[in-house]
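A.B. asks: So the protein sequences, as listed, match chains A and B. Every letter in the first sequence is one number past the one before it in this note's numbering, and letter 145, counting from 1, is 145. Every letter in the second sequence is one number past the one before it in this note's numbering, and letter 143, counting from 1, is 143. Note that the Cβ used here is the ideal one computed from N, Cα and C, for glycine as well. Just so you know, these numbers come straight off a predicted model, no measurement behind them.
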Amino acid sequence: MVWSPLFMKIHEFQAKDILAGYGLPIPPGHVATTPEEARAAAERIGGTVVVKAQVLVGGRGKAGGVKLAATPDEAAEKAADILGMDIKGITVQRVLVAQAVDIATEIYLGVILDRTSKAITIMASAEGGVEIEEVARETPEKIHRVHVHPLAGYADYQGRQLAFDIGIPKDLSRDFARIVRTLVQALNDNDAELVEINPLVITEDGTIQCIDAKINLDDNALYRHKALAELRDHDEEEPAERAAREAGLSFVKLDGTIGCVVNGAGLAMATMDTIKLSGGSPANFLDIGGGARAESVENALRIILDDENVNAVLFNIFGGITRCDEVARGIVSALPSLSRQVPMVVRLVGTNQEEGREILREAGLVAADSMQAASQEVVRVAASPEASAL
Amino acid sequence: MSILVDENTRLLVQGITGREGTFHTEQMVHYGTQVVAGVTPGRGGQEACGVPVFNTVAQAVGETGANVSIIFVPGPFAPDAIIEAVDAGIPFVVCISEHIPVQDMLRVHHYVNIKGARLQGPNCPGLISPGKAKVGIMAGDIHIPGPVGVVSRSGTLTYEVVSHLTGQGVGQSTVVGIGGDPVIGTGFIDVLRMFEADPETEAVVMIGEIGGTDEEEAANFVKAHMTKPVVGFIAGRTAPPEKRMGHAGAIVSGGVGTAESKIAALQAAGVDVADFPREAALLAAKRILS
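Structure representation (structure tokens):
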């Protein structure tokens, strides 16, 4: 399923550490968590530095999270401004203090596992920088790409071709091609879904430097990269999303009022759509997974009710490998220990549905037959919580 | 008729002695699928669910003539199981396992193609030709034989649509769950092509999701090559865009992959797109009965 997180993001400084290990040209830099550390870092680097917020969300530059500093004192000042800053709901806890470079040209270079071409796709553009998505949208011909066949592997002509395509100066084309080759290597070695340098910079004095770096790791491959798995930043996970991940649930928090517990990602999305089309707003995406046990259902319910915006819950279960009696048992056993009571609408059909409904009946809950009827009912009770379905 | 599996299917189960493998083998046997062999390395010579277990796929194929394999082994071992199946000459492999690294799937995908075999999945519910063979984990009893072909990226959402078809008395020729992973074997277009060629299939329901461009490409195929009516449903219309794929994903797909783009592409291809899963079933029923 594409919508739940399939990959793990890591910070810029972590990505740069990995790429520096391959010998890529990266301006020297140090991580700081206090203004004093930032000052010390700037002293060690010397000259003008750039102080960059380390957060896992995009758009930090536009949010004021990236600033130049000409002196160590100024670096401390800028770090004081940025540390603690809120960027899209994330509090900045760390900055990267890096040597500033004189930029002549900004290039985009990205390597991605491409589901459409079933290959590793390398993308490059002479118009790199923060507006790259706009470039892709408005002038897609300015994004050049080559596909690396997974069985053939990377061929050196591919980097050369991209260098010609985007007009890399002749004396730098070798360096550029070596960076391309290295990024593909890093993607393969680390089971990354994405390795991106944006911008890759040609400096005023004619060298190439990687100014920013981004690596997304394939969640499903972390079992064979224990050290990389350690890089997960728990501080930046939504607490509810973390609790859900640890409970083996696929969960995305949204800002509505109706909590949803569904089995299967497609059905979970269709349930959110149906709630919205019925005039309500979903508080979350939640897939309890195939063959879920009563315990997963209990966990799901707790996580959802921790969200104070939630004033009604819809269960939409179509039992296949998931058994309706297990789900009903989970709901009923969670009830006494819940932090608060909200109306619940339960739609329960499929494997062992009669047993499941009987369990609900004994607990005073009524099961709905159809997904649309259940959605309309939950929208109604969410709008007037006193009209409890319980 | 039906597509891919029927009463002539001789099924091999890889990972037959695991928890999932055993449970679903029993269910498939109960449904009437001809399960002829199982494979669990080191368990050769034993029996599971009434079928002989072999150490290797090659041995199982040699002794039982298995022609379809279904895989239940854990994700990290599934790429190996797929390669073993196609090396043993199995022409159609259905991989139920989830959590397979994308890099592995890229290599396996191309290897399967080179060997001239077909892969369905991974991370899929399998497929069923009602009344003939169930090669998957779906509940068999919600299906009835009939003229509607169903192809879907989602598992339980498919059950939802199928149950409404059956509720209308409209049966299914074959229901294929292609899986939602980034890299899958059989895609929408492969299945649409087979439904178009299948004399028993009179209409098709296609169930998609946000992400990727498979639905857009399928819409182009429908426009150019399908004479049979197609009904569509796309899940994820209300999923907030900022939670979707990041930067490079957007650059690579150039703005397509949203529900709006998929729905527009399908409608432009003459596909009836439903707002609700039940409506998809009703639209298909109407196409069959009119």
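#1: If you compare alpha carbons, which of A:Leu254, A:Thr274 and A:Gly65 is closest to alanine 283 (chain A)?
#2: Would glycine 18 (chain B) count as contacting chain A if we go by Cβ distances under 7 Å?
#3: Answer with buried or exposed for glycine 211 (chain B), where buried requires no fewer than 16 other C-beta atoms within 10 angstroms of its C-beta.
#4: Check distances from the C-beta atoms of the region 124 to 150 of chain B to those of chain A and list, in chain order, the residues that come in under 8 Å.
#5: Should phenylalanine 164 (chain A) be labelled buried (16 or more other beta-carbon atoms within 10 Å of its own) or exposed?
#6: When Cβ atoms are compared, which residues of the region 264 to 284 of chain B fall closer than 8 Å to chain A?
#7: For methionine 371 (chain A), which residues in chain B fall below 8 Å Cβ to Cβ?
#8: Straight-line CA distance for alanine 79 (chain A) to glutamate 308 (chain A)?
#9: Buried or exposed: which applies to methionine 105 (chain B), given that a residue is buried once 16 or more other Cβ atoms fall within 10 Å of its Cβ?
#10: Find the residues of chain B that neighbour aspartate 165 (chain A), judging by a C-beta separation of less than 7 Å, and give them in chain order.
#11: Provide the residue span of the alpha helix (DSSP H) that contains serine 261 (chain B), from first to last.
#12: Whose CA, out of A:Asp86, A:Asp81, A:Gln158 and A:Ala265, lies closest to the CA of glutamate 36 (chain A)?
#13: Please state whether DSSP places asparagine 220 (chain A) in a helix, a strand or coil.
#14: Measure the C-alpha to C-alpha separation of glutamate 204 (chain A) and valine 273 (chain B) and round it to an integer number of angstroms.
#15: Mind pulling the chain A residues with CB within less than 8 Å of tyrosine 111 (chain B)?
#16: Have a look at leucine 217 (chain A) and leucine 56 (chain A) and give me their C-alpha separation to the nearest angstrom.
#17: According to DSSP, which residues form a beta bridge with asparagine 284 (chain A)?
#18: With 16 as the cutoff for other CB atoms within 10 Å, does methionine 1 (chain B) come out buried or exposed?
#19: Using beta-carbon positions only, say whether leucine 305 (chain A) and leucine 338 (chain A) come within less than 7 Å of one another.
#20: Kindly indicate which three-state DSSP category glutamine 209 (chain A) falls into: helix, strand or coil?
#21: For glutamine 158 (chain A), collect the residues of the same chain with a Cβ closer than 8 Å to its Cβ; drop the 5 residues on either side in sequence, then sort them by chain order.
#22: Look at the Cβ atom of threonine 201 (chain B), then the Cβ atom of glycine 169 (chain B), and state whether they are nearer than 7 Å.
#23: Cα separation between aspartate 214 (chain B) and isoleucine 100 (chain B)?
#24: At a Cβ cut of 7 Å, what residues of the region 84 to 106 of chain B count as close to chain A, listed as they run along the chain?
#25: Arginine 118 (chain B) lies in the beta strand (DSSP E); which residues open and close that run?
#26: What distance in whole Å lies between the Cβ atoms of leucine 286 (chain A) and leucine 268 (chain A), which are believed to be in contact at a cut-off of 8 Å?
#27: Within 10 angstroms of the Cβ of valine 5 (chain B), are there 16 or more other Cβ atoms? Answer buried if so, exposed if not.
#28: Apart from the five residues just before and just after alanine 104 (chain A), which ones in its own chain have a Cβ nearer than 7 Å to its Cβ?
#29: Run through the DSSP bridge pairs and tell me what arginine 145 (chain A) is partnered with.
#30: Compile a chain-ordered list of the residues in the region 246 to 279 of chain A whose CB is closer than 7 Å to at least one CB of chain B.
#31: Which of helix, strand or coil does DSSP assign to lysine 115 (chain B)?
#32: Residues of chain A with CB closer than 7 Å to the CB of serine 154 (chain B), please, in chain order.
#33: If distances are taken between C-alpha atoms only, which option among A:Pro72, A:Val92, A:Ile18 and A:Gln185 comes closest to valine 66 (chain A)?
#34: Looking at the structure shown, is aspartate 399 (chain A) part of a helix, part of a strand, or coil, going by DSSP?
#35: Against chain E, does alanine 221 (chain A) count as a neighbour if the rule is that its beta carbon must be under 7 Å from one of theirs?
#36: Within the same chain, show all residues whose beta-carbon is closer than 7 Å to that of isoleucine 263 (chain B), passing over the 5 residues directly before and after it, in chain order.
C.D. replies: Working from what's here:
#1: Nearest of A:Leu254, A:Thr274 and A:Gly65 to alanine 283 (chain A), Cα basis: A:Leu254.
#2: no
#3: buried
#4: Pro125, Ile137, Met138, Ala139 and Ile142
#5: Phenylalanine 164 (chain A) is exposed by the Cβ-count criterion.
#6: Under the 8 Å Cβ criterion, the region 264 to 284 of chain B contributes Asp275, Phe276, Pro277 and Arg278.
#7: The answer, in chain order, is Glu160, Phe276, Pro277 and Arg278.
#8: 34 Å
#9: buried
#10: Within chain B, no residue comes near aspartate 165 (chain A); the closest Cβ sits about 15 Å away, beyond 7 Å.
#11: 259 to 268
#12: A:Asp81
#13: helix
#14: 55 Å
#15: Against chain A, a Cβ distance below 8 Å from tyrosine 111 (chain B) picks out Leu151.
#16: 13 Å
#17: A:Lys253
#18: Exposed: under 16 other Cβ atoms inside 10 Å.
#19: It is a contact, given that the beta carbons lie within the stated cut-off.
#20: strand
#21: Ile122, Val146, Val148 and Val180
#22: no
#23: 20 Å
#24: Of all residues in the region 84 to 106 of chain B, only His99, Ile100, Pro101, Val102, Gln103 and Leu106 come within less than 7 Å of chain A when Cβ atoms are compared, listed by chain position.
#25: 118 to 120
#26: The amino acid occupying residue 268 (chain A) in the given sequence is alanine; leucine does not appear at that position. Contact holds; Cβ gap of about 6 Å.
#27: buried
#28: Here the set comprises Ile202, Thr203 and Glu204.
#29: Residue pairing for arginine 145 (chain A): DSSP places it in a beta bridge opposite A:Met123.
#30: The residues in question are Val252, Leu254, Asn263, Gly264, Ala265, Gly266, Leu267, Met269, Ala270, Met272, Asp273, Thr274, Lys276 and Leu277.
#31: coil
#32: Under the 7 Å cutoff, chain A gives Gly264, Ala265, Gly266 and Leu267.
#33: A:Val92
#34: One cannot answer for residue 399 (chain A) here, as it falls past the ends of chain A, which runs 1 to 390.
#35: The structure shown contains no chain E; the protein chains it does contain are A and B.
#36: Hits under 7 Å: Ile234 and Val273.
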